[in-house]
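Heads up: the sequence shown runs through residues 127 to 542, numbered per our numbering.
Read the structure below first, then the notes.
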Amino acid sequence: MIVTVERIVPAAVTRAHPAAIALPPHRVLAVCEEPFGAHPQPLYCPVELASPYRDDFEHYERWRALTGDPPALAAFVDDVLRAPDAGAAYRDYVGPTRLAQLCEPEAQAPEPSITAGESPADVNGVERLIVLGARQLAARARAIGARVLIAGIGQAFFAARLAQLQLAAAGYTLRVMVETGLYDVECGAGGHGYLLAYDNVVRARRLSAIDDILGVLACGADNACIAALGAAQIDRHGNLNSTQLGGKLLVGSGGACDIAASVEEVVVLTRLAPGRLVDDVEYITSPGRAVRSVVTDHGVLTRAPAAAGRGPRDETWTITSRRRSPPTRRACSTPWIPPARTASAPDRPDSPIDRCIPTLHTTSGSPAWAATCRRACTTTRRCPRSTSRSRPAISRGSACTAAAGPAAARASPRWP
127 MIVTVERIVP
137 AAVTRAHPAA
147 IALPPHRVLA
157 VCEEPFGAHP
167 QPLYCPVELA
177 SPYRDDFEHY
187 ERWRALTGDP
197 PALAAFVDDV
207 LRAPDAGAAY
217 RDYVGPTRLA
227 QLCEPEAQAP
237 EPSITAGESP
247 ADVNGVERLI
257 VLGARQLAAR
267 ARAIGARVLI
277 AGIGQAFFAA
287 RLAQLQLAAA
297 GYTLRVMVET
307 GLYDVECGAG
317 GHGYLLAYDN
327 VVRARRLSAI
337 DDILGVLACG
347 ADNACIAALG
357 AAQIDRHGNL
367 NSTQLGGKLL
377 VGSGGACDIA
387 ASVEEVVVLT
397 RLAPGRLVDD
407 VEYITSPGRA
417 VRSVVTDHGV
427 LTRAPAAAGR
437 GPRDETWTIT
447 SRRRSPPTRR
457 ACSTPWIPPA
467 RTASAPDRPD
477 SPIDRCIPTL
487 HTTSGSPAWA
497 ATCRRACTTT
507 RRCPRSTSRS
517 RPAISRGSAC
527 TAAAGPAAAR
537 ASPRWP
């Protein structure tokens, strides 16, 4: 195989760090030395081997902009990637000063405010999805006795962090993992919203690799692992599609297929929109065997666990939580909406965010979890738990208890 490395070192260095030798020498055909070869992603390693550096979030956004501008992307490819020395051209493109700054230790972020902010008039769809997802993850983790939670990227990661904080406040230990080797990720103010960020790597309580997380901790008959995943499509069988839509390639599965095939249970988070919940997905990225909950920004669908053995599975889904105000008719085009069924009476207001929700804020350019009251019930002008006194921030070991606990079970002949 051909290996790209940050730095070529003398043999004496590798002899002093035998645990860092990932490949035996006889399997390496060629070595390409490319400093900052992982940019804009981070590099975490012992300083004796190479100089570590942090994420370059500005260049993440620059790459996103390039992918949406074909002429600019073509010019970048011609001027930088096809240059005689592409590595040097790329480092010049980023700038030596910027690269040097990424290698410098980041200043400690200030302690986030412990005072609740003002209550906005409403919550948006993404916030509602994250809170519903966190609530469902917390409930299902307790139900199955899960000890670890493996999180996918984006909203699934936010929901996983929030679920961990809610459970910790209730005295239940649930450790969040990331497939690349991060175990017991920091879920409070010290963590970062991007699951693969350098800050999450350095603050994880244990570091290993993909084969350890997916091959040991997330699999096996007694893995006690629950997963939070996202998807572009999900069908009545629970199968997930994050690979292609309408013939166009999406981001792909990453480790989602391994996770869905191995863990004890999967909670899927996705926005409710036409073409999201379908009879059959266009492409099966991840199998639906372990999927028992589908969380959207308008409600939660659940189904019974798979029967023992290889018999047919009951594909009936039940609405167990729904938003007070229904979505538009266009968003309701879901072919496998459950039929009307008898449900128990509600034990709480029928609102996905009843009183207070923990929400993500930005403090001095660094994400920080803070408890913020938000008005969600149409019958109250202000959250009943919101007062003028200070509320402890989640980073101090507290959580918004009103957001914990599942909503009352409800069924409906239509969505939601």
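Ideal Cβ positions, reconstructed from N, Cα and C, are used throughout, including at glycine.
Taking 7 angstroms as the threshold (C-beta atoms), are residue j and residue i in contact?
i	j	result
A357	L376	no
V552	A350	Any answer about residue 552 is impossible in this case: the structure gives the chain only from 127 up to 542.
V157	Q262	no
A201	A285	no
G414	I445	no
L321	V302	no
S334	A382	no
V421	L258	yes
I256	Q227	no
L207	A198	no
I549	E391	An answer regarding residue 549 cannot be provided, because it is not within the stretch 127 to 542 covered by the chain.
E174	I134	no
G316	N326	no
H185	P166	yes
If we ignore side chains and look at the alpha-carbon of each, how far apart do residue i and residue j end up?
i	j	result
R268	R287	15 angstroms
G73	I339	This structure does not reach residue 73, given that the chain is present from 127 up to 542, and the question cannot be answered.
R402	R418	17 angstroms
P151	I128	11 angstroms
L308	A277	11 angstroms
R266	E305	20 angstroms
R153	P172	24 angstroms
A272	P400	33 angstroms
P222	S177	14 angstroms
Y179	P136	22 angstroms
V131	P161	7 angstroms
G364	A416	8 angstroms
D405	R362	6 angstroms
E312	F283	12 angstroms
G554	L155	Residue 554 lies beyond the residue range present for the chain, which begins at 127 and ends at 542; the question has no answer from this structure.
A347	A330	26 angstroms
L395	V252	10 angstroms
F183	G373	30 angstroms
E187	Y219	15 angstroms
S492	P231	With a pLDDT of 31 at S492, under the threshold of 50, the predicted position of this residue should be treated as unreliable, and no value is reported.
W189	A432	42 angstroms
R141	A214	30 angstroms
D205	G194	18 angstroms
Y170	D211	25 angstroms
V249	A138	58 angstroms
S447	R254	12 angstroms
Which residues in the same chain have their Cβ closer than 6 angstroms to the Cβ of residue i, if we skip the five residues on either side of it in sequence?
i	result
R397	D423
Y409	N367, T369, Q370
L550	The question about residue 550 has no answer here: the residues shown for the chain are numbered 127 through 542.
A323	D181
A289	A260, L263, A264
C229	S177, Y179
L225	F162
Helix, strand or coil: how does DSSP classify residue i here?
i	result
Y170	coil
S419	strand
L293	helix
V407	coil
V154	coil
V393	strand
S177	coil
A260	helix
I128	strand
V135	coil
G414	coil
T442	coil
Spatial neighbours of residue i within its chain, please: CB distance less than 7 angstroms, with the 5 preceding and 5 following residues excluded, ordered by chain position.
i	result
R332	Y309, D310
G163	T130, E132
Y298	R268
Y216	V206
Can you give me the Cβ contacts of residue i inside the same chain, cut-off strictly under 8 angstroms, excluding the 5 residues immediately before and after it?
i	result
I336	E305, T306, G307, G381
H143	P172, E174, L175
Counting only runs that start and end within the region 296-384, where is the beta strand (DSSP E) found for 3 or more residues in a row? 301-304, 351-356, 359-361, all fully within the region 296-384.
Enumerated in chain order, which unbroken segments of the beta strand (DSSP E) with a length of 3 residues or greater are wholly contained in the region 206-230? The region 206-230 contains no whole beta strand (DSSP E) run of 3 or more residues.
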